[in-house]
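Chemist: Can you read through this structure? Questions will come right after.
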Amino acid sequence: MCHIGTAPQNFFFSKISIRVAMPVNEIVAAKQWSELTMEKTEVNNPETLEDLIKILHEKFASDSINVDEVKNIMEAYKSNPQEWKKYAIFDQYRYTRNLVDKGNGKFNLIVLCWGEGHGSSIHDHTDSHCFMKMLQGQLKETRYEWPADSTQTEMRMKSQSILRENECAYINDSHGLHRVENFSHTEGAISLHLYSPPFDKCQTFDQRTGHKNVVKMTFWSEFGEKTPIQTAASQENN
Numbered sequence: 119m120c121h122i123g124t125a126p127q128n129f130f131f132s133k134i135s136i137r138v139a140m141p142v143n144e145i146v147a148a149k150q151w152s153e154l155t156m157e158k159t160e161v162n163n164p165e166t167l168e169d170l171i172k173i174l175h176e177k178f179a180s181d182s183i184n185v186d187e188v189k190n191i192m193e194a195y196k197s198n199p200q201e202w203k204k205y206a207i208f209d210q211y212r213y214t215r216n217l218v219d220k221g222n223g224k225f226n227l228i229v230l231c232w233g234e235g236h237g238s239s240i241h242d243h244t245d246s247h248c249f250m251k252m253l254q255g256q257l258k259e260t261r262y263e264w265p266a267d268s269t270q271t272e273m274r275m276k277s278q279s280i281l282r283e284n285e286c287a288y289i290n291d292s293h294g295l296h297r298v299e300n301f302s303h304t305e306g307a308i309s310l311h312l313y314s315p316p317f318d319k320c321q322t323f324d325q326r327t328g329h330k331n332v333v334k335m336t337f338w339s340e341f342g343e344k345t346p347i348q349t350a351a352s353q354e355n356n
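Reading the sequence shown from the start, the letters are residues 119 to 356 in the numbering used here.
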């Protein structure tokens, strides 16, 4: 450590003032860059669910998306029950899929409600992007490798993780398959999912054999309104 002592009396310090002139065009450019940066930061940090939907529409207006950017935008939205409670419609026996926005045909935004102990089958995502953000509670995600078509053996687990409030996960079929579960037996969980492009069918897999089935996806409610009662329960997956 350096210690600074008293300077000798015959040693004088002079205070020098230096001013560096900046050309006017550089000042203007710096101001514009600052304003642009502030605007971009505001746009990509939604304060409400309505803001989030608006930003997502803008991001998906082109034919290509930046996965990390979309994930960060969804994670930046801080869950507010007052904004999504109209979509949070539970069922006693299975988890529900509640449509929030159709994304002009580019994506579906869906609120999933998981009762105590509810979970999905192991499933794929039909070559779509899947973003999953927690709004309330916690979910366990278990990822699996794709089964070999020529064998019937137990599926191999790749990883397990816990998704907590406001966190966002991402998966597509190149990452493998997954199962999502509410492991709590005392509290429900609510998550916000984005799928692009939208799909209405997926494949589910038997964990013991890898055998697959094609199942149809349906909505428990649309835009906060309950859909007509279905006569047969389908194996819905997220």
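Using N, Cα and C, we set each Cβ at its ideal position, and we do this for glycine too.
Predicted, not measured: the structure shown is a model, and the values here were computed from it.
1. How would you call histidine 293, buried or exposed, if buried means at least 16 neighbouring beta carbons within 10 angstroms?
2. Just the Cα atoms here: how many angstroms apart are tyrosine 195 and serine 268?
3. Between phenylalanine 225 and serine 309, is the Cβ-Cβ spacing less than 8 Å?
4. Please identify the residue among Asn190, Leu312, Gln321 whose C-alpha is closest to the C-alpha of lysine 220.
5. Counting pairs of Cβ atoms below 8 Å between the region 335 to 346 and the region 270 to 283, do you hit three or more?
6. Counting along the chain, where does the alpha helix (DSSP H) carrying lysine 189 start and finish?
7. Tell me the DSSP bridge mates of aspartate 219?
8. In chain order, what are the residue ranges of uninterrupted beta strand (DSSP E) at least 3 long that sit wholly in the region 291 to 323?
9. How many Å lie between histidine 296 and asparagine 198 at the Cα?
10. Give the C-beta separation of glutamine 325 and glutamate 272 to the nearest angstrom, bearing in mind that I take them to be a contact with Cβ-Cβ under 8 Å.
11. Can you tell me the Cα-Cα spacing of glycine 164 and glutamate 285, whole angstroms?
12. Measure from the alpha carbon of histidine 243 to the alpha carbon of each residue in Asn184, Lys334, Leu281, Ala307, then state which is nearest.
13. Please state if the CB of methionine 250 and the CB of leucine 217 are separated by a distance shorter than 8 Å.
14. Below 7 Å CB to CB, which residues in the same chain sit around valine 332 once its five sequence neighbours on both sides are set aside?
Modeler: If we stick to the structure as given:
1. exposed
2. 44 Å
3. no
4. Leu312
5. no
6. 185 to 194
7. Leu227
8. 295 to 299, 307 to 314, 319 to 323
9. 27 Å
10. 7 Å
11. According to the sequence displayed, residue 164 carries proline and not glycine. Cα to Cα, the separation comes out at about 15 Å.
12. Lys334
13. no
14. Lys319, Gln321
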